[in-house]
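>
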DNA sequence: ACGGTCTCTGCAACCGGTTGCAGAGACCGG
DNA sequence: CCGGTCTCTGCAACCGGTTGCAGAGACCGT
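Residue numbers (our numbering), protein chains in the order written: chain A, 1 to 325; chain B, 326 to 650.
1) Three or more C-beta pairs closer than 8 Å, one from the segment 349 to 363 of chain B and one from the segment 280 to 292 of chain A: is that the case here?
2) Jot down the residue ranges of each uninterrupted alpha helix (DSSP H) in the segment 62 to 140 of chain A, minimum 4 residues, whole runs only, in chain order.
3) Per DSSP, which one or two residues make a beta bridge with residue 480/B?
4) Express the C-alpha separation of residue 501/B and residue 587/B in angstroms, rounding to a whole number.
5) Quick one: measure Cβ to Cβ for residue 36/A and residue 47/A, integer angstroms, because I've assumed they're closer than 8 Å.
6) In chain order, what residues of the same chain have a beta carbon less than 7 Å from the beta carbon of residue 572/B, not counting five sequence neighbours either side?
7) I need the straight-line Cα distance from residue 496/B to residue 531/B, nearest angstrom please.
8) Sorted by chain position, which residues of the same chain lie with C-beta nearer than 6 Å to residue 157/A's C-beta, five sequence neighbours on each side aside?
9) Looking only at DSSP bridge pairs, what is residue 499/B linked to?
10) Can you tell me the Cα-Cα spacing of residue 117/A and residue 62/A, whole angstroms?
11) Please name the residue in 424/B, 459/B, 447/B and 563/B whose C-alpha comes closest to that of residue 437/B.
12) Bridge partners for residue 232/A per DSSP, in chain order?
13) For a test of the three-state rule: what should DSSP assign to residue 182/A, helix, strand or coil?
14) Cutting at 7 Å between CB atoms, please list the residues of its own chain near residue 394/B, excluding the five before and the five after it.
15) Could you run through the segment 69 to 98 of chain A and flag, in chain order, every residue whose CB is less than 7 Å away from some CB of chain B?
16) Can you tell me where the alpha helix (DSSP H) holding residue 603/B begins and where it ends?
17) With residue 284/A as the anchor, note down where its alpha helix (DSSP H) starts and where it stops.
18) What does the alpha-carbon distance come out to for the pair residue 589/B and residue 174/A?
19) Return the bridge partner residues of residue 467/B from the DSSP annotation.
20) Using only the alpha-carbon positions, how far apart do residue 319/A and residue 473/B sit?
21) Determine the DSSP secondary structure at residue 215/A, reduced to helix, strand or coil.
22) Residues of chain B with CB under 7 Å from residue 215/A, in chain order?
23) Between the beta-carbon of residue 53/A and the beta-carbon of residue 7/A, is there less than 9 Å?
24) For residue 11/A, report the span of its alpha helix (DSSP H) as first-last.
25) In whole angstroms, what separates the C-alpha of residue 215/A from that of residue 296/A?
26) Which residue marks the beginning of the alpha helix (DSSP H) containing residue 591/B, and which one marks its end?
27) Are residue 139/A and residue 180/A close, meaning C-beta to C-beta below 9 Å?
28) Taking C-beta pairs closer than 7 Å, name the residues in chain B that residue 343/A reaches, listed in chain order.
29) Just mark residue 213/A as buried or exposed, buried being the case when its beta carbon has 16 or more other beta carbons within 10 Å.
30) What residues of chain A sit near residue 429/B, judged by a beta carbon separation below 7 Å?
31) Taking 9 Å as the threshold (beta carbon to beta carbon), is residue 438/B in contact with chain A?
32) To the nearest angstrom, report how far apart residue 284/A and residue 74/A are at their CA atoms.
33) Is the beta carbon of residue 50/A closer than 9 Å to that of residue 384/B?
34) How is the alpha helix (DSSP H) around residue 643/B delimited, first residue to last?
35) Indicate the three-state DSSP secondary structure (helix, strand or coil) for residue 1/A in the structure shown.
36) Determine the chain B residues that contact residue 46/A at a beta-carbon separation under 7 Å, and present them in chain order.
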């Protein structure tokens with residue numbers, strides 16, 4: 001593998017000039033630059049990332065820790081992050097925590113050796129640990145707020161509030177909310193937003209759970225819905241799918257007997273019978289923004305604000321006015 | 326950030342000894358080792374990955390290129406790869422090609438600057454390009470065979486053959502196969518295996534497609550199934566889900582009127598009505614194996630064989646004997 | 001013709017580890 | 001007591017880039 005030295009030699013200049021010709025074009029005479037460039041790709045020169053990282057102190061790597069990849073919910077996040085990474089000539093170092101705080105910490109430690117900074121999607125785990133980690137290394141949180149740490153959150157609480165508004169408009173007054181995993185930050189946000197808004201409107205939100213955000217848990221939940229509820233909101237698509245299935249087998253029709261909606265939007269929700277009303281969460285943008293924020297942080301721009309991206313309801317056939325009883 | 330030099334100083338030894346104390350324990354006296362270790366974690370020493378990579382020529386990074394992450398099919402692959410990476414103290418550098426050969430090539434080029442080797446899941450793209458790339462850098466292919474290049478493949482063709490066997494046993498003789506994307510290596514393998522085996526058994530396989538492996542394409546396909554077909558095999562779960570939906574809306578019952586099965590197994594297939602017979606592809610193992618193979622390659626063990634992991638049918642309610650006509 | 005400025009290039013130090021080689025003692029057998 | 005072996009440690013070179021600093025000309029205005 002050709003080194004910069006080889007290139008410099010071939011072009012008849014010094015290592016320093018070669019280096020500048022390749023990424024400081026304005027510091028070098030036109031002719032020289034051309035000669036070096038030509039020599040470089042004649043020799044198939046590839047810059048040694050490690051050597052560069054050693055001097056510059058930047059690896060160009062962004063660590064990304066997600067709780068899982070089995071949930072396609074996270075795919076757009078990764079895609080968005082990758083797009084932003086490409087734009088900034090960096091790469092994604094990925095790790096999956098499996099919702100395990102200890103494992104997550106270990107991965108973060110190991111990733112941080114190689115990466116310039118970390119992006120963490122960490123619904124579980126303590127605030128204190130995250131604060132501590134932020135003190136040691138550049139860090140951007142996703143879908144979670146801890147004090148004034150930089151974060152990018154999808155504003156599902158607001159979106160869900162809007163969704164609830166629609167249900168209230170339709171006439172629903174007794175609404176069940178099927179919670180997500182215990183200790184989830186996002187879930188707590190949603191629960192709080194919903195109950196507050198409902199009581200304001202003279203309605204009531206029945207909270208079920210916490211539950212694991214799975215299809216099976218959704219089926220379970222469908223059996224314990226309060227009889228009064230005319231609509232049910234689910235923490236995520238899997239729960240919603242389980243609910244749909246469970247309601248179907250117990251003979252309750254959606255939306256005639258009960259309305260159903262989910263607080264995220266997997267593509268399958270549009271393909272069920274009936275299609276399920278959902279919240280479109282622009283995760284790709286979240287991913288992109290997270291990387292951008294991280295780079296701002298690395299460049300020393302102290303914009304440690306929380307970025308919010310709005311989530312909007314997508315109304316489908318699973319929501320309708322309650323049956324007049 | 327403390328450097329090795331600082332640690333050495335604190336422990337009253339030289340840089341060299343400090344280095345050895347940390348990862349060549351047997352070369353150093355017990356007492357010294359302890360002193361160095363103690364100093365290291367007192368100072369919160371973190372080894373600089375770039376510096377290490379520069380001298381050793383190993384970054385400890387494995388590049389992984391997948392066509393997409395939106396399909397949860399690939400999640401276990403990533404998980405498996407990550408597990409193997411953890412075991413070998415390395416990390417996953419991930420990139421998504423979006424099924425675009427040009428993009429894939431660019432990503433591979435850029436990843437290879439940083440990674441010790443590449444693992445590529447590349448259903449599209451030419452053999453020649455892969456061969457060429459292999460000449461330049463350690464490379465392991467997944468779900469694709471190109472000459473004698475190292476590869477790990479899930480033996481879906483064999484698994485599908487077994488599945489076809491079951492259908493034949495049930496009495497099916499006219500079977501539709503709904504193909505995957507044009508140019509897909511795996512799809513070609515399956516098609517060939519199926520048609521050969523069917524004609525041997527006096528049955529006939531009707532090939533539809535190629536089609537994009539999506540839910541919608543599955544719906545489309547459900548409208549153009551040959552009337553004679555009593556069973557249909559789909560290239561993947563999404564097509565199968567689409568077929569199930571499409572058949573439902575046109576009034577053909579599964580499995581009474583027609584049997585249905587998929588050549589991979591997303592968890593949702595077990596949750597439909599009826600649950601869909603599928604092929605369990607142990608992708609996690611594939612991912613793990615791919616990383617192992619890559620490391621063998623890096624360590625100079627020239628085991629450039631193709632590893633196969635078996636895929637086994639999971640029989641569910643969507644397959645039954647054909648209706649006697 | 002001359003001093004000053006500006007543009008371009010090279011020298012050499014530096015980033016933070018790893019490792020071949022050699023030297024210093026300790027230890028051992030004869 | 002001596003030479004040989006073995007264990008442990010340090011010196012210094014090296015990996016392959018980047019960058020501050022200074023020097024060499026070119027060019028300019030007076």
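Yeah, the Cβ is synthetic: ideal placement off N, Cα and C, and Gly gets one too. These numbers were taken from a predicted model, which means no experiment stands behind them.
On the basis of the supplied data:
1) The segment 349 to 363 of chain B is not in contact with the segment 280 to 292 of chain A.
2) For the alpha helix (DSSP H) assignment, the uninterrupted runs of no fewer than 4 residues enclosed by the segment 62 to 140 of chain A are, from N- to C-terminal side, 75 to 87, 101 to 114 and 127 to 136.
3) Reading the second chain from its first residue, position 155 is the one you call residue 480/B. Paired residues: 635/B.
4) Residue 587/B sits at position 262 when you count from the first residue of the second chain. Residue 501/B sits at position 176 when you count from the first residue of the second chain. A straight line joining the alpha-carbon of residue 587/B with that of residue 501/B spans about 12 Å.
5) The residue labelled residue 36/A in the question sits at position 36 within the first chain. The residue labelled residue 47/A in the question sits at position 47 within the first chain. Contact flag wrong, Cβ pair sits at about 13 Å.
6) Reading the second chain from its first residue, position 247 is the one you call residue 572/B. If we look at residue 572/B and ignore the five residues flanking it on each side, its Cβ neighbours are 547, 579 and 583.
7) Counted from its first residue, the second chain places residue 496/B at position 171. Counted from its first residue, the second chain places residue 531/B at position 206. A straight line joining the alpha-carbon of residue 496/B with that of residue 531/B spans about 16 Å.
8) The sequence position of residue 157/A within the first chain is 157, counting from 1. The residues 189, 190 and 193, in chain order, have a CB closer than 6 Å to that of residue 157/A in the same chain once the five nearest residues on each side in sequence are set aside.
9) The residue you call residue 499/B lines up with position 174 of the second chain. BP columns for residue 499/B point to 529/B.
10) Here residue 117/A corresponds to residue number 117 of the first chain, with the count starting at 1. Here residue 62/A corresponds to residue number 62 of the first chain, with the count starting at 1. So the alpha carbons of these two residues sit roughly 6 Å apart.
11) For the purposes of this step, residue 437/B is taken as residue 112 along the second chain, with counting starting at 1. If we check each option's Cα against that of residue 437/B, 459/B comes out closest.
12) The residue you call residue 232/A lines up with position 232 of the first chain. Residue pairing by DSSP places residue 232/A opposite 176/A and 260/A in a beta bridge.
13) For the purposes of this step, residue 182/A is taken as the residue at position 182 of the first chain. The three-state secondary structure of residue 182/A, taken from DSSP, is coil.
14) By one-based count along the second chain, residue 394/B stands at place 69. Answer for residue 394/B: 421, listed in chain order.
15) Flagged, chain order: 69, 70, 72, 75, 78, 79, 82, 91, 92, 93, 94, 95 and 96.
16) Indexing the second chain from 1 puts residue 603/B at position 278. Segment 603 to 605 is the beta strand (DSSP E) holding residue 603/B; no alpha helix (DSSP H) there.
17) Numbered from 1 along the first chain, position 284 holds the residue referred to as residue 284/A. Residue range 283 to 298 is occupied by the alpha helix (DSSP H) that includes residue 284/A.
18) For the purposes of this step, residue 589/B is taken as residue 264 along the second chain, with counting starting at 1. For the purposes of this step, residue 174/A is taken as residue 174 along the first chain, with counting starting at 1. Just so you know, the alpha carbons of residue 589/B and residue 174/A end up roughly 41 Å apart.
19) Along the second chain, one-based indexing puts residue 467/B at 142. 446/B and 477/B, per the DSSP bridge assignment.
20) Numbered from 1 along the first chain, position 319 holds the residue referred to as residue 319/A. Numbered from 1 along the second chain, position 148 holds the residue referred to as residue 473/B. Rounded to the nearest angstrom, the two C-alpha atoms are 56 Å apart.
21) Walking along the first chain from the start, residue 215/A turns up at place 215. Reduced to three states, the DSSP call for residue 215/A is helix.
22) Within the first chain, numbered from 1, the residue matching residue 215/A stands at position 215. Contact note: residue 215/A reaches chain B through 596, using a C-beta cutoff of 7 Å and chain order.
23) One-based indexing of the first chain puts residue 53/A at position 53. One-based indexing of the first chain puts residue 7/A at position 7. It is not a contact, given that the beta carbons lie outside the stated cut-off.
24) For this step, residue 11/A is matched to residue 11 along the first chain. Counted as a single uninterrupted DSSP element, the alpha helix (DSSP H) harbouring residue 11/A occupies residues 4 to 11.
25) Along the first chain, one-based indexing puts residue 215/A at 215. Along the first chain, one-based indexing puts residue 296/A at 296. Approximately 39 Å, taken between the alpha carbons.
26) One-based indexing of the second chain puts residue 591/B at position 266. Counting along the chain, residue 591/B falls outside any alpha helix (DSSP H), and DSSP gives it neither H nor E.
27) On the first chain, residue 139/A is found 139 positions in, with the first residue counted as 1. On the first chain, residue 180/A is found 180 positions in, with the first residue counted as 1. Going by beta carbons, residue 139/A and residue 180/A fall outside the 9 Å limit.
28) Outside the displayed span of chain A (1 to 325) sits residue 343/A, for which this structure offers no information.
29) To locate residue 213/A, count along the first chain from 1; it is residue 213. Residue 213/A should be labelled buried.
30) Looking up residue 429/B in the second chain gives position 104. Correct list: empty, because the minimum Cβ distance to chain A is about 13 Å.
31) For this step, residue 438/B is matched to residue 113 along the second chain. Against chain A, the CB of residue 438/B has a partner CB under 9 Å away; the residue lies at that interface.
32) In the first chain, residue 284/A corresponds to position 284, counting from 1. In the first chain, residue 74/A corresponds to position 74, counting from 1. The straight-line gap from Cα to Cα measures roughly 9 Å.
33) For the purposes of this step, residue 384/B is taken as the residue at position 59 of the second chain. For the purposes of this step, residue 50/A is taken as the residue at position 50 of the first chain. The Cβ atoms of residue 384/B and residue 50/A sit closer than 9 Å to each other.
34) Stepping through the second chain from its first residue, residue 643/B is reached at position 318. Residue 643/B -> no alpha helix (DSSP H), and no H or E assigned at all.
35) Stepping through the first chain from its first residue, residue 1/A is reached at position 1. DSSP, reduced to helix, strand and coil, places residue 1/A outside both helices and strands of the structure shown, so it counts as coil.
36) What you label residue 46/A is simply residue 46 of the first chain in a count that begins at 1. Per Cβ cutoff of 7 Å: 438.
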